[in-house]
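Q:
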Amino acid sequence: MEASNFDTYNEFSEGFWYIHSRRGMLSKVLKPYLKSITSARILDLGCGTGFNYLALHPLGKVWSVDINERALASCKKKEIPRLYKGDAQNLSRFSDCSFDAVVAIELLEHLEKDIDCIREVHRILRPGGIFLATVPAHPFLWSSDDDLAHHFRRYTKKQLTTLLSSPFRIRFLSYRYVFLSIPAMAVFLMQKLLRFSGGGHKNSLTFTPMFANGLLKYLMSIENALLAKGCFLPFGISLICISQKRLHHASR
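The sequence shown: position 140 = 477 (the numbering used here), numbered continuously.
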């Protein structure tokens, strides 16, 4: 990730709609799958600057992993415990079947070999363990934001299903950011029409008018409530998938 793009994420305030909605999604959507587990062991894989921790901490004991030194430094400033530097495609630090849940928020698109990460997640999850992943949707929406973030791909629903359905049982798959689909398309078309070769492009999130922050938080709270109830959203600019490691004795 470019330094300027990293700083964009690191400087988001706690009340910014993007951070607020992501935390709301994690706490509301993941909680039902862990409610029967006492002291669940959770891995925040690709933890970034640590904004997920406050949502995950009430659900269990959290370990956080990222490969980026600047991300880890930001997490240390937030005093996030059990913090490790590591590659999501090689999690040899962790034993087999050692976690109840693994969370990968906007991670898989950054990995050249996403299947290697999926194999490692499957290995470290206990039988019946939960894997929650979000990824950017629709390859046709590829923009300079994806270039800036060093994405390898945007996913179709079919691609994500194929990636996860062999090692896992998919429990829930839906689009996200349904309320942002039209604005995102407008930004995408503007970037295509006004594309230029000069540098200095910033992540589109930085263009969010602050007066719209409250509205976006409200709209995303509605979306998160729908996702928590298992409602499938038929369109959006991101995908969320909750999958489960198959039980050894399951006959499917």
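Ideal Cβ placement from N, Cα and C applies to all residues, glycine included.
Name the two residues that bound the continuous beta strand (DSSP E) containing ALA438.
A: 436-442
Q: For GLY573, which of TYR555, ALA549, VAL458, ILE519 has the nearest alpha-carbon?
A: If we check each option's Cα against that of GLY573, ILE519 comes out closest.
Q: From VAL458 to LEU517, what does the alpha carbon distance come to, in whole angstroms?
A: 30 Å
Q: Near ILE461, which residues of its chain fall below 8 Å by C-beta distance, leaving aside the five closest residues on each side in sequence?
A: Here the set comprises LEU380, LEU428, PHE431, SER432, ASP433, CYS434, SER435, PHE436, VAL439.
Q: Would you kindly check if the distance between the Cβ of LEU409 and the Cβ of LYS422 is under 8 Å?
A: It is a contact, given that the beta carbons lie within the stated cut-off.
Q: With GLY551 as the anchor, note down where its alpha helix (DSSP H) starts and where it stops.
A: 550-565
Q: What does the Cβ neighbour count give for SER534, buried or exposed, with the cut at 16 atoms within 10 Å?
A: At SER534, the pLDDT of 44 sits below 50, so the modelled position is not reliable; the number obtained from the coordinates is stated separately. Looking at its Cβ environment, which holds fewer than 16 other Cβ atoms inside 10 Å, SER534 is exposed.
Q: Taking just the CA atoms, how far does SER373 sit from ARG490?
A: The alpha-carbon of ARG490 is positioned some 36 Å away from that of SER373.
Q: Would you say TYR492 and ALA474 are within 8 Å of each other, going by their C-beta atoms?
A: yes
Q: Ignoring anything shorter than 4 residues, give me the alpha helix (DSSP H) runs that lie fully in the stretch 429-512, in order along the chain.
A: 451-461, 481-485, 494-502
Q: Distance, Cα to Cα, PHE548 vs GLU446?
A: For PHE548 and GLU446, the distance between alpha carbons rounds to 31 Å.
Q: Which same chain residues end up closer than 6 Å to LEU553 when comparing Cβ atoms and leaving out the 5 residues on each side of it in sequence?
A: TRP354
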